[in-house]
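Protein sequence lines correspond, in order, to chains A and B.
The first sequence begins at 51 in my numbering and counts up one residue at a time.
The second sequence begins at 380 in my numbering and counts up one residue at a time.
C-beta: ideal position from N, C-alpha, C; glycine also.
Please read these numbers as outputs of a predicted model, since none were measured by experiment.
These notes concern the structure reproduced below.
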Amino acid sequence: MHSSARRRVLPGFGLTLGLSWLYLGLIVLLPLSGLFLKTFSLSWAQFWDTVAAPRVLAAYRLSFGAALAAALLNAVFGLLVAWVLVRYRFPGKALVDALVDLPFALPTAVAGLTLTTLYSRNGWYGQHLEALGFQVAFTPVGIVIALTFIGLPFVVRTVQPVLEDIDADVEEAAATLGATPWQVFTRVLFPSVMPALLSGFTLAFARAIGEYGSVVFISGNMPMKTEIAPLLIITRLEQYDYAGATAIAGVMLAVSFAMLLAVNLLQRWTHRRFETRPGTG
Amino acid sequence: MKSPSARRLTAALLSLLLSAVPALGGCSKPGAAQGEPITLLNVSYDPTRELYTDLNAAFAKQWEAKHGTKLVIKQSHGGSGKQARAVIDGLDADVVTLALAYDIDMLHDKGQLIPADWQKRLPSNSSPYTSTIVFVVRKGNPKAIRDWEDLLREGVSVITPNPKTSGGARWNYLAAWGYARRKAGGDDAKAREFISRLFKNVPVLDSGARGATTTFAERGLGDVLIAWENEAFLLTGEVGKDEFEIIVPSVSILAEPPVALVDKNVDRKGTRAAAEAWLQYLYTDEGQELAAKHHFRPRSQKVAAKYAHRFPTVSLFTIDEVFGGWKQSQKQHFDDGGSFDQLYVPQAQ
């Protein structure tokens, strides 16, 4: 009795957990610990001088800020796209569905070049925008656009299956109980989609923080203005300052990890809140 | 707790992992036996792709006729610094042909792959061909750009890549600095002032030379592109004949892209003889002709005389004369806190 209680229902826990650790260790932890190890060749003062330089701080602000803006944009419009794809039938739906994944497939440098071509002053969009007084290419706005482009699939693809799982019956039941469409959305649909939306947002955000390939073309790379943190890492490497490069990268990684962890906890909390609500209320 | 089948699976996975290790190590068997094909890897920077495609084909033919063995020369191209780091990290290059000596110096300083005096082993600073820094302007030269001074004028927009990420851009920067310094009779403070005014006219800093060319040519940004002469020739060649023209400044820098044998790699692979012969070939008349064909200035006086009509005369200074070599310039101008960084940081404070 006692031993069977400790036994798990599904077999193979030990083996699969062991393999998971091995896999994560080899693929993720080993390279990252190598990175931190390299940082330790710096003294504390050198480390601080590197990561707290005004130019580096400006780059951090830009990278995290633009990534946040892009992820928020994607959260709103990605949810909309997912909703349209799940709830409506229309001609060309399969095509739209396939289009969503394109930013994943395209090499980021190609994406960057294409966007720069479109938004620079003689491009299709750029010439009209510039006539109105907006400059997009070679400004922070251009960076946000590139990051929005590469992050779009994350939100759509995480929200879509969850929306598919929500029966239309639930909404109909809510409606028959007298809920307005707005109440159906905020009280019924949104809580169930929220955890998935947060995941998608987080993935898009995390992806955008470290993005280099698509951004360097559209950003213009002006120090203190449009210089992203990954570019500073590259410039350190160009002067064979490996430790300095890993110091900048390490700070980005630590901040990203803290943010991801916070979002994960938030997600669990919203999930639990939603799950327990039928019991408590 | 574990079932026997699970244990067997683990064992199988482990043995698979272990068996893969010697298989990977086995590739680098030293010594190429007679008659076996020899493979060389040339790790180079971006704009030399076409040049080395031609050179390699011609040399392989010569080698086969002489030795009866097949010679394959593989090429790898990318940013100069990135390529050097790949070699330091273990890319099996037999020879490197990069944009600046500083990147090859690092093969010694960081990787101990070559001796410190590598640049003295081949003639002419180990640079079989050279180039210089020139201007490309839009057809008709609407902003009347004649010399470096004109780049400082208000309303002139200058495109040059980021010297922090592009080796080519460092040559551009030093060319401008050297001009200003000479003009001011060797005064570095005046040169700094000149450069800082010049970079006020630079709206975008692309990460590489080709990126800057694209910004100028395709995006229509800027009135002047500062470029390597060989790149300028390509841009004003067939495609851009009616759009752009080259302006040669009165003074510029002698850009010396050097080549080197990677001793540690060739000795391990047993390819020293072939690699050395290939490097020597770059200095032969045939090699020099091909360099000239691809818009690099040949070192051989004979070949240079033949192509003299193609390359305008410019007063050229070398990096050793004005800046005391690459290591010195890198430290003074391009490392963190160097003169380039100073252009931007105080201005924003």
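- A distance below 8 Å between beta-carbons, with the five flanking residues on each side excluded, links L553/B to the following residues of its chain, in chain order: I632, I698, V701, F702, S708 and H712.
- Distance from the CA atom of W497/B to the CA atom of L67/A, rounded to whole angstroms, is 52 Å.
- Within chain A, the residues whose beta carbon sits less than 9 Å from that of V724/B are A103, P104, R105, P273 and M274, listed in sequence order.
- Within the region 171-188 of chain A, contact with chain B at the beta-carbon level (separation under 8 Å) is assigned to R171, N172, G173, A187 and F188.
- Residues of the same chain with a CB within less than 7 Å of the CB of A312/A, apart from the 5 flanking positions on each side, do not exist.
- For R286/A, at least one C-beta of chain B is nearer than 9 Å to its own C-beta.
- Secondary structure remark: continuous alpha helix (DSSP H) runs of at least 4 residues inside the region 508-534 of chain B: none found.
- Residues of chain A with a Cβ closer than 8 Å to the Cβ of V583/B are, in chain order, F188, G270, N271 and M272.
- Put simply, of L179/A, A299/A, N124/A and G173/A the residue whose alpha carbon is nearest the alpha carbon of E597/B is G173/A.
- At a cut-off of 9 Å between beta-carbon atoms, G294/A makes contact with chain B.
- Across the structure, L584/B and G590/B are spaced so that their CA atoms are roughly 9 Å apart.
- Beta-bridge analysis with DSSP links A639/B to V475/B.
- Contact annotation for R598/B against chain A: T166, T167, S170, R171, N172, G173 and A187 [CB-CB distance below 8 Å, chain order].
- Neighbourhood of L281/A in chain B, by CB distance below 9 Å: N541, K543, T544 and S586, in chain order.
- For the region 415-449 of chain B, the set of positions with a beta-carbon nearer than 9 Å to some beta-carbon of chain A is empty.
- For G590/B, the chain A residues whose C-beta falls within less than 8 Å of its own C-beta are V266 and F267, listed in chain order.
- For S242/A, the uninterrupted alpha helix (DSSP H) segment begins and ends at F240 to I259.
- In summary, no residue of the region 678-708 of chain B has a CB separated from any CB of chain A by less than 9 Å.
- Contact annotation for Y290/A against chain B: M485 and K489 [CB-CB distance below 7 Å, chain order].
- Comparing alpha-carbon positions, the option among T650/B, L470/B and F623/B lying closest to R517/B turns out to be F623/B.
- Secondary structure note for V603/B: its beta strand (DSSP E) is the uninterrupted segment V603 to W607.
- With a contact defined as Cβ atoms closer than 8 Å, K648/B and D473/B qualify at about 7 Å.
- With the rule of 3 Cβ pairs closer than 8 Å, the region 458-465 of chain B does not count as touching the region 661-679 of chain B.
- Restricted to the region 669-721 of chain B, the beta strand (DSSP E) segments that are unbroken, complete and at least 3 residues in length are 694-696, listed in chain order.
- Under the Cβ distance rule, L163/A counts among the residues neighbouring chain B, one pair being separated by less than 9 Å.
- Proximity of the region 239-250 of chain A to the region 280-287 of chain A falls short of the contact definition, fewer than three beta-carbon pairs being nearer than 8 Å.
- For the region 449-471 of chain B, the beta-carbon criterion of a distance under 7 Å to any beta-carbon of chain A is satisfied by G460 and R464.
- Collapsing the DSSP output to three states places L420/B in a strand.
- Interface with chain A (9 Å Cβ-Cβ cutoff): F595/B is excluded.
- Under the criterion of beta carbons closer than 8 Å, A606/B and V693/B do not qualify as touching, at roughly 14 Å.
- By the C-beta density criterion, G587/B is buried, having at least 16 other C-beta atoms within 10 angstroms.
- In this chain, the beta strand (DSSP E) harbouring L633/B covers V630 to A634.
- Scanning R139/A, A224/A, N271/A and L129/A for the CA closest to the CA of A109/A turns up N271/A.
- For F713/B, the C-beta contacts it makes with chain A under 7 Å involve Q289, in order along the chain.
- In this structure, P157/A lies near G263/A, with their beta-carbon atoms less than 9 Å apart.
- Note that the C-beta distance between L135/A and Q210/A is below 9 Å.
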